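Novice:
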Amino acid sequence: MATYRAADIDVDTTMCQGLGYCERVAGGIFHVDEDSGLAVAPASVDGQEATDAAIAAEELCPTRAISLRLHQTTTD
Ligand code: SF4
228 MATYRAADID VDTTMCQGLG YCERVAGGIF HVDEDSGLAV APASVDGQEA
278 TDAAIAAEEL CPTRAISLRL HQTTTD
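In this text, residue positions in the sequence shown follow our numbering: the first is 228, and each later residue adds one.
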């Protein structure tokens, strides 16, 4: 069975409009900076729960500003 357990995160600040959907679904990872009005995130997350939250944010972002590089581990 294949499982995603980690992801590298990139937020394209030229595309982000600070709408905050990412922060709402994954507030432990994404944060809209008060000064810039743009989303900030760590360069990567580890663990299934955090990875799933990052995926949800990527899917919800209306401007497609979030890009993830998923790291797959395989268990059997
Ligand atoms: S959901 Fe997308 S546009 Fe909105 S703050 Fe997050 S990265 Fe920016």
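Just so you know, even glycine gets a beta-carbon here, dropped at the ideal spot from N, CA and C.
Quick caveat, the model's predicted, so the values are computed rather than measured.
Would you kindly work out how many angstroms separate the C-alpha atoms of ASP235 and GLU261, rounded to a whole number?
Specialist: Locating residue 235 in the sequence shown gives position 8, where the first residue counts as 1. Locating residue 261 in the sequence shown gives position 34, where the first residue counts as 1. Those two C-alpha atoms are separated by around 24 Å.
Novice: When you compare only the Cα positions, how much space is there between ILE282 and SER263?
Specialist: Mapped onto the sequence shown, residue 282 falls at position 55. Mapped onto the sequence shown, residue 263 falls at position 36. Approximately 24 Å between the Cα atoms of the pair.
Novice: For the alpha helix (DSSP H) that contains LEU287, what are its first and last residues?
Specialist: Reading the sequence shown from its first residue, position 60 is the one you call residue 287. It spans 275–287 - the alpha helix (DSSP H) in which LEU287 sits, taken as one unbroken run.
Novice: So for ARG232, helix, strand or coil by DSSP?
Specialist: As a first step, residue 232 must be located in the sequence shown, where it is residue number 5. ARG232 falls in the strand class under three-state DSSP.
Novice: Using three-state DSSP, classify ARG291 as helix, strand or coil.
Specialist: Reading the sequence shown from its first residue, position 64 is the one you call residue 291. ARG291 falls in the coil class under three-state DSSP.
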